[in-house]
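Quick note on my numbering: the sequence shown kicks off at 5 and runs consecutively.
Since the structure comes first, as structure tokens, the remarks are kept for the end.
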Amino acid sequence: MPKKLKRSEQTPSFVCEIPLQVTVRQARTINTRLEAGRQLYNAILGEGLRRLRLMKESKAYQATKKIPKDEVHLNERRAAFSAVRLDHGFTEYQLSQYATQIRKSWIGDHVGAHLAQKIVKRVYQALEKVSFGQAKKVRFKTKSRGLRSLEGKTNEANLRWKGNHLAWGKMILPMVKGIENDPVMAHGLSSKVKYVRLVKRNVRGKDRFYAQLVCEGVPYQKPGRVIGDEKIGLDTGPSTIAEVGNTHASLRLFAEDVVRDHKRIRRLQRKQDRERRANNPDCYDELGRAIKGKHPWKKSHRQIATEAKLRDLYRKEAAHRKTLHGQLANEILAKGKYIYTEKLSYKAFQKRYGKSIGIRAPKLFLSTLRRKAESAGGYMIEFNTRTTALSQTCICGRKEKKSLSERVHTCECGVIAQRDLFSAYLARFVEEDRLQVADAYEYWQSAESLLQMAWEQAHNQLASRGYNVPSSFGKLPESERVI
5 MPKKLKRSEQ TPSFVCEIPL QVTVRQARTI NTRLEAGRQL YNAILGEGLR
55 RLRLMKESKA YQATKKIPKD EVHLNERRAA FSAVRLDHGF TEYQLSQYAT
105 QIRKSWIGDH VGAHLAQKIV KRVYQALEKV SFGQAKKVRF KTKSRGLRSL
155 EGKTNEANLR WKGNHLAWGK MILPMVKGIE NDPVMAHGLS SKVKYVRLVK
205 RNVRGKDRFY AQLVCEGVPY QKPGRVIGDE KIGLDTGPST IAEVGNTHAS
255 LRLFAEDVVR DHKRIRRLQR KQDRERRANN PDCYDELGRA IKGKHPWKKS
305 HRQIATEAKL RDLYRKEAAH RKTLHGQLAN EILAKGKYIY TEKLSYKAFQ
355 KRYGKSIGIR APKLFLSTLR RKAESAGGYM IEFNTRTTAL SQTCICGRKE
405 KKSLSERVHT CECGVIAQRD LFSAYLARFV EEDRLQVADA YEYWQSAESL
455 LQMAWEQAHN QLASRGYNVP SSFGKLPESE RVI
């Protein structure tokens, strides 16, 4: 068994996704193994939830919760919680022992030891979020959705990548021909493979299978692409994004090209609802209201086809959004790899701007940007909004609360700037959750023209494309308006 590396010794990794050629017989075998993995996942999850419930009900756990959280008692508190977890079998190792017992059944014929250990890891990570209060509940994998992926621990057992194909026991799954000519694929295939993940996706109503190679090293970079060294201030909203560096500034609509086909989706949703009601008449009363306790589980072939069309529309939208996120992240990193931004509550955003957040996914974009920045040797710092209050603070030190409808920052000291751009500018001068007002004031004279130019360009670009300028951009001063 290979020696486990410490966190400081771990090498960088990247993922290369390879489409596979799969026959009908092989697809049937893979689906059987994924179903075995799903049942193993649910069995471990059920046992884990039972142990978690018993642990929280125990007197030892209740006594441990009363230990103060200060630094003096921190080590004592951690040791007590670890002891309670161990006594109730709520550790990854003990759940892995339970999985070993389950694998003595028919499941062991389809799920190898390494795959089972990774399934245990997924379950334990989900249960930890519940135990720490980071999630309210964890869901079982339904048969309709199933388990969509399985991964190994190394490239030496179970799922193995060999040259140009994936080997899973006696089953050989070759990659699609011709993709080795792509420079991105060629870079991944020439790198050392740490482990392999098999992924199943439903594309246009048919199952497609992919091998995700987790390779050692850094991802492929196109020739001529450079990484900047500037410090970038970022302000991300529900539909706009502002960035400010030393020599540039920009304000744009966030992921504006992700256009959801609302009419078609709504028609399919209404059709799906009519089919559901027709297939399950006993689940609704005379007025068409759902009866509590009854679940419409019957599905016709037409309803299944409608659901497949809906899933495919959402899949295309997600793929387009992911591409736009990557392009925007690369544009930002070309100017600077040191990112400063506010730590926002996107759950609160979802409550107020649910549709916009669902389409644009700003939190997912920030995760992509962080990963790319760290891979390039930079970092992304998210600071507390309560201690900084960038949208309420001016470079003169004055603080004034503003409503969300006020999109232009104006101050008695003479500063006039678009609110998002000004917040992004101030973000560059935050250190240890504190805004360094003196530094922001010192550099304002050179940055004022940059922010003004970016504000004008944002209006001009949308006007030239025939778009209505959103209210979040704010109104330009009379002297700067484009006629």
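For each residue, glycine too, the CB sits at the ideal point set by N, CA and C.
Leaving out five residues before and five after residue 110 in sequence, what residues of the same chain have Cβ atoms less than 8 angstroms from its Cβ? Residues of the same chain with a CB within less than 8 angstroms of the CB of residue 110, apart from the 5 flanking positions on each side, are 40 in chain order.
Closest residue to residue 249 among 265, 433 and 360 (Cα-Cα distance): The residue with the shortest Cα to Cα distance from residue 249 is 433.
For residue 242 and residue 320, the rounded distance between their alpha carbons: For residue 320 and residue 242, the distance between alpha carbons rounds to 21 angstroms.
Pull up the distance between the alpha-carbon of residue 19 and that of residue 226, whole angstroms please. Computed Cα separation, rounded: 16 angstroms.
Nearest-angstrom Cα separation, counted from residue 335 out to residue 271: One C-alpha to the other measures close to 37 angstroms.
Per DSSP, which one or two residues make a beta bridge with residue 179? Answer is 24, bridged to residue 179.
Just the Cα atoms here: how many angstroms apart are residue 486 and residue 464? Confidence at residue 486 is low in this model, with a pLDDT of 46, below 50, so its placement is unreliable and no value can be given for it.
Return the CA-CA distance between residue 265 and residue 352, expressed in angstroms with no decimal places. Just so you know, the alpha carbons of residue 265 and residue 352 end up roughly 25 angstroms apart.
Touch check for the region 271-291 and the region 299-315: three-plus C-beta pairs under 8 angstroms? A contact exists between the region 271-291 and the region 299-315.
With the cut-off set at 9 angstroms, would you say residue 383 and residue 234 are in Cβ contact? No, Cβ-Cβ distance for residue 383 and residue 234 is not below 9 angstroms.
As assigned by DSSP and simplified to three states, the class of residue 367: The answer is helix: DSSP assigns residue 367 an H, G or I state.
Looking only at C-alpha atoms, which of 436, 376 and 414 sits nearest to residue 388? When only C-alpha atoms are compared, the closest one is 436.
Just the C-alpha distance for residue 283 and residue 204, rounded to the nearest angstrom, thanks. Roughly 29 angstroms between the two C-alpha positions.
Whole-Å CB distance - residue 168 paired with residue 179, under 8 angstroms assumed: Between the beta-carbon of residue 168 and that of residue 179 there is about 5 angstroms, and that keeps the pair under the 8 angstroms contact cut.
Go ahead and label residue 219 buried or exposed: buried means 16 or more other beta carbons lie within 10 angstroms of its beta carbon, across all protein chains shown. Classification of residue 219: buried, given that the 10 Å Cβ count is 16 or more.
Would you mind working out which of 425, 55 and 43 sits nearest residue 148, comparing C-alpha positions? Of 425, 55 and 43, the residue nearest in Cα terms is 43.
Where residue 188 and residue 325 are concerned, what is the direct C-alpha to C-alpha distance, given to the nearest angstrom? Roughly 20 angstroms between the two C-alpha positions.
At a cut of 8 angstroms, does the region 13-33 reach the region 182-201 through at least three beta carbon pairs? Here the region 13-33 lies against the region 182-201, with 3 or more beta-carbon pairs under 8 angstroms apart.
Can you check whether the CB of residue 46 is closer than 9 angstroms to the CB of residue 136? In this structure, the beta-carbon distance from residue 136 to residue 46 does not fall below 9 angstroms.
Residue 418 versus residue 230: straight-line alpha-carbon distance, rounded: Answer to the nearest angstrom: the Cα atoms are 38 angstroms apart.
Beta strand (DSSP E) containing residue 414: first to last residue? Taken as a continuous stretch (DSSP letters only), the beta strand (DSSP E) holding residue 414 covers 412-414.
Determine the contact status of residue 52 and residue 131, defining contact as a CB-CB distance below 9 angstroms. Yes; because the gap between Cβ atoms is below 9 angstroms, this pair is in contact.
By a C-beta neighbour count over all protein chains shown, 10 Å radius and 16 as the cutoff for buried, is residue 11 buried or exposed? The predicted position of residue 11 is uncertain, since its pLDDT is 47 and thus under 50; a value taken from the coordinates is nonetheless stated next. Looking at its Cβ environment, which holds fewer than 16 other Cβ atoms inside 10 Å, residue 11 is exposed.
What would DSSP say about residue 165, mapped onto helix, strand or coil? If DSSP states are grouped into helix, strand and coil, residue 165 belongs with the strands.
On a Cα-Cα basis, can you pick out the residue from 70, 399 and 422 that is closest to residue 408? Selected option, being the one with the closest Cα: 422.
Can you say whether residue 123 is buried or exposed, counting buried as having 16 or more other CB atoms within 10 angstroms of its CB? Per the 10 Å Cβ criterion, buried.
Work out the CA separation of residue 477 and residue 456 for me, nearest whole Å. One C-alpha to the other measures close to 12 angstroms.
Assign residue 280 to one of two classes, buried (16 or more other C-beta atoms within 10 Å of its C-beta) or exposed (fewer than that). Buried.
Which same chain residues end up closer than 6 angstroms to residue 209 when comparing Cβ atoms and leaving out the 5 residues on each side of it in sequence? Here the set comprises 312.
Residue environment, residue 376, which counts as buried when at least 16 other CB atoms sit within 10 Å: So residue 376 counts as buried.
Would you report the Cα separation of residue 236 and residue 333, rounded to the nearest angstrom? One C-alpha to the other measures close to 12 angstroms.
Which residue or residues does DSSP assign as beta-bridge partners of residue 406? In DSSP, residue 406 forms no bridge with anything.
Just to confirm, is the Cβ distance from residue 68 to residue 88 under 9 angstroms? The answer is yes: Cβ separation under 9 angstroms.
Note down the Cα distance separating residue 59 from residue 70, rounded to an integer number of angstroms. Straight-line spacing of the CA atoms in residue 59 and residue 70 works out to 15 angstroms.
For residue 258, which of helix, strand or coil comes out of DSSP? When secondary structure is reduced to three states using DSSP, residue 258 falls in the coil class, being assigned neither helix nor strand.
Straight-line gap, residue 490 to residue 84 (C-alpha atoms, nearest Å): Past the edges of the chain, shown from 5 to 487, lies residue 490, and the structure says nothing about it.
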